[in-house]
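Please read the structure below before turning to the comments.
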Amino acid sequence: MVTLNDYLIASGLLFGTGLAGVVLRRNIIVIFMCLEMMLSAANLSLVAFSRFRPTGGLPDYDGQMLVFFIITVAAAEVAVGLAIIVALFRTKRTVHVEDITSLSG
Amino acid sequence: MPQPLFYLFVAVMLGFGAAVVLLRNPVSSALSLVVSFAGLAALYVSLNAYFAGVLQVLVYAGAVMVLFLFIIMLMDIREEQRRKINKVAVVGGAALVVGFVVQLGGVLAGYEAGRKPLDRVPLQLAEAAEARRAVGNVSPGITADLERGTLPDTKLVGEALFTRYHLQLQMVGVLLLVATVGVIVISRREDRVVSGSGE
Chain A
964 MVTLNDYLIA SGLLFGTGLA GVVLRRNIIV IFMCLEMMLS AANLSLVAFS RFRPTGGLPD
1024 YDGQMLVFFI ITVAAAEVAV GLAIIVALFR TKRTVHVEDI TSLSG
Chain B
-6 MPQPLFYLFV AVMLGFGAAV VLLRNPVSSA LSLVVSFAGL AALYVSLNAY FAGVLQVLVY
54 AGAVMVLFLF IIMLMDIREE QRRKINKVAV VGGAALVVGF VVQLGGVLAG YEAGRKPLDR
114 VPLQLAEAAE ARRAVGNVSP GITADLERGT LPDTKLVGEA LFTRYHLQLQ MVGVLLLVAT
174 VGVIVISRRE DRVVSGSGE
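Protein chains in written order, with my numbering: chain A, 964 to 1068; chain B, -6 to 192.
Right, here's the structure in full:
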């Protein structure tokens, strides 16, 4: 049968994939997608912990509440982040992070 | 959930997740992420979190990824041209990821409580129904569902959200409102602001 560790390892591997994308990719939109992937990996471990620690015979719904709020905040973050990327593209005409060097001294 | 299905969905999730990182075209990355999130939603369902699974499909695979594709279409981004790769960054990034995964494996290898299989922690719906009756049976619908032997996941999420977490729910509502206003302010064209203030 599937154990809690299986779910945590799957979640950790998804987080690692997202981290690799954030570090290795140069397209700012793909970096943003990989950030979403890392948030979802955290959600998977929260749901797994909620199911494997039943309180009173039911899953621990406090964990799933955190998942609900993370999804909501991530949706707001995507909207604001993409608006910033569009504004950036309008002024710099690029989505390549190495071309955005205004802050490098 | 049977073990083969678990491995199938994990493979879908991780395989298409790797495709997001490896494919050069941003549109392919976005569509791979949709499939990856669908596999993730299936894992949520396997953990009896039906509402979280539906939310993952509707909000992430639906709304968020459509927004991503819309922005990619709006910017008319071509496939990334190959550039000189910074070797130090690639090696450092790969070492960071491998170090993280190895450390996680080390921690989980010593985590005894995580060895419990899913059928050893069954949901006790009848006991939960009895406990709800003992404290006054506030939501009879939920108790009736539990006595029928089904897990009313959405009703339980709603109950927690509108009783114990109602303050946080209102705060998130304000956050979404502020984000909406912020997006409109950020994406307004600069030149129209200038001509408006010049009058």
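Glycine residues also receive a C-beta, built at the ideal position from the N, C-alpha and C atoms.
Helix, strand or coil at residue i [DSSP, three-state]
i, result
"Leu48/B", "helix"
"Asn1006/A", "helix"
"Thr1057/A", "coil"
"Pro110/B", "strand"
"Thr136/B", "helix"
"Leu1021/A", "strand"
"Thr966/A", "strand"
"Leu33/B", "helix"
"Tyr158/B", "coil"
"Ser21/B", "helix"
"Asp146/B", "helix"
"Tyr53/B", "helix"
"Ile1063/A", "coil"
Residue i: contacting residues in chain E (beta-carbon distance under 7 angstroms)
i, result
"Met996/A", "Absence of chain E from the displayed structure is noted, the protein chains being A and B."
Cβ-heavy atom distance, residue i to the ligand GDP, below 6 angstroms
i, result
"Arg125/B", "In terms of ligand content, the structure shown is empty, and the ligand GDP therefore cannot be addressed."
Among the options, nearest to residue i - alpha-carbon criterion
i, options, result
"Gln161/B", "Asp1025/A, Leu971/A, Arg988/A, Ser1003/A", "Asp1025/A"
"Val27/B", "Thr136/B, Ser39/B, Asn41/B, Ala12/B", "Ala12/B"
"Phe995/A", "Ile65/B, Gly46/B, Gln(-4)/B", "Ile65/B"
"Ala1005/A", "Glu1061/A, Val1058/A, Met964/A, Thr980/A", "Thr980/A"
"Asn990/A", "Gly1068/A, Ser1067/A, Asp1062/A", "Asp1062/A"
"Gly143/B", "Glu152/B, Val131/B, Ala121/B", "Before going on, a small fix: residue 143/B reads as Thr here, not Gly. Per the Cα distances, Ala121/B."
"Ser39/B", "Leu967/A, Val1058/A, Thr1054/A", "Leu967/A"
"Arg1056/A", "Val95/B, Ser25/B, Leu67/B, Gly86/B", "Leu67/B"
"Val1049/A", "Ala82/B, Ile78/B, Ile70/B, Asn79/B", "Ile70/B"
"Leu97/B", "Leu1066/A, Thr1018/A, Leu977/A", "Leu977/A"
"Lys80/B", "Asp969/A, Val965/A, Leu971/A, Val986/A", "Val986/A"
"His1059/A", "Val965/A, Val993/A, Asp969/A, Gly975/A", "Val993/A"
"Ala973/A", "Gly1020/A, Ser1003/A, Gly984/A, Cys997/A", "Ser1003/A"
Residue-level contact to chain A via CB, residue i, 7 angstroms cutoff
i, result
"Asp138/B", "no"
"Gly189/B", "Because Gly189/B carries a pLDDT of 48, less than 50, the predicted location of this residue cannot be relied on, and the following value inherits that uncertainty. Gly189/B does not count as touching chain A."
"Phe9/B", "no"
"Ile135/B", "no"
"Gly142/B", "no"
"Tyr37/B", "yes"
"Tyr158/B", "yes"
"Met164/B", "no"
"Ile78/B", "no"
"Leu1/B", "no"
"Ala54/B", "no"
Short CB-CB distance (under 7 angstroms) between residue i and chain B
i, result
"Phe1012/A", "no"
"Met1001/A", "no"
"Thr1035/A", "yes"
"Leu1066/A", "no"
"Gly1020/A", "yes"
"Leu967/A", "yes"
"Val1043/A", "yes"
"Ala1005/A", "no"
"Val1030/A", "yes"
"Val993/A", "yes"
- Message: Can you pull out the residues from the region 971 to 991 of chain A whose beta carbon lies closer than 8 angstroms to at least one beta carbon of chain B?
- Response: Leu971, Ile972, Ala973, Gly975, Leu976, Leu977, Phe978, Gly979, Thr980, Gly981, Leu982, Ala983, Gly984, Val986, Leu987, Arg988, Arg989, Asn990
- Item | Continuous beta strand (DSSP E) assignments of at least 3 residues falling wholly in the region 979 to 1003 of chain A | none
- Which of the residues in the region 94 to 112 of chain B, read from start to end, lie with their CB under 8 angstroms from any CB of chain A? Val94, Leu97, Gly98, Leu101, Tyr104, Ala106, Gly107, Arg108, Lys109, Pro110, Leu111, Asp112
- Query: Taking a cut of 9 angstroms between CB atoms, which residues from the region 1044 to 1058 of chain A lie near chain B?
  - Reply: Leu1045, Ala1046, Ile1047, Ile1048, Val1049, Ala1050, Phe1052, Arg1053, Thr1054, Val1058
- Query: Of all the residues that make up the region 110 to 130 of chain B, which are near chain A by a beta-carbon distance shorter than 7 angstroms?
  - Reply: Pro110, Leu111, Asp112, Val114, Leu116, Gln117, Leu118, Glu120, Ala121, Ala124
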